[in-house]
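These notes concern the structure reproduced below.
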Amino acid sequence: MATENKNLSEYDKNTVPNAKNFRFGIVVSEWNDSITEGLYNGAFEAFIENQVPAQQIVRWNVPGSFELIYGAKKMLQTQNVDAVIVIGCVIQGQTKHFDFVCEGVTQGIKDLNVQTDVPVIFCVLTDNNIQQSIDRSGGIHGNKGTEAAIAAIKMAYIRQQASLNQFQNQQLLSSGALQIEDKPLELEK
């Protein structure tokens with residue numbers, strides 16, 4: 235498995251941008267709540283550790299993993315967040331339900347990332363058994379929620395920098411100067 239030799243909770247704090255001015259959303263599935271609560275706690279603690287004030291973390295619960303898509307969509311539309319984490323846990327059973335839910339949630343979160351300007355971070359465990367989920371929600375492999383929070387911070391920072399660059403480029407172009415390779419050039423008038 236991809237996480238077999240990796241602790242999901244370990245990260246280099248020096249590579250994490252300053253997050254104190256960001257606002258984050260977390261949408262949590264109530265299904266398999268013993269797992270999703272562990273994932274939420276890992277994400278919340280990582281945000282706090284990286285200077286995100288608790289009042290800038292918005293949590294919404296949804297019934298199951300399939301509902302994460304709608305919850306994230308509504309959060310994006312109403313909460314003015316810089317990134318959203320969706321937290322869920324789907325465990326393989328004896329029917330194809332597992333496949334349909336996993337595929338639907340994955341595609342839905344991908345669609346939100348393509349259709350909106352705010353990153354949505356996928357923190358949905360899709361494990362073969364409950365022990366694998368326990369191992370990844372604060373167990374022997376660390377916490378996927380921690381990893382998701384660090385990804386959210388980094389993606390919010392990328393979004394911020396891209397917006398700043400776009401704004402600066404628009405200002406530069408409207409001023410009559412064109413920036414090429416960090417050297418401003420005057421446009422002929």
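Take the sequence shown: its letter number 96 is residue 330 in my numbering, and every next letter is one higher. All C-beta atoms, glycine included, are put in the ideal place defined by N, C-alpha and C. These numbers come from a predicted model, not from an experiment.
CB contact flag (Gly379, Leu273, <7 Å): yes
8 Å CB neighbourhood of Asn363 in its chain, flanking five on each side removed: Ile325 and Gln326
Runs of alpha helix (DSSP H) wholly within the segment 299-335 (minimum 4 residues, chain order): 302-312
Distance, Ile387 Cα to Val250 Cα: 7 Å
Simplified DSSP state of Val358, which is helix, strand or coil: strand
Contact belief for Ala383 with Ile319 at Cβ below 8 Å, rounded distance in angstroms: 7 Å
Phe334 to Tyr245 span [Cα, whole Å]: 32 Å
Residue(s) in a DSSP beta bridge with Asn295: Val262
Integer-rounded CB distance, given that Val261 should sit under 8 Å from Val296: 6 Å
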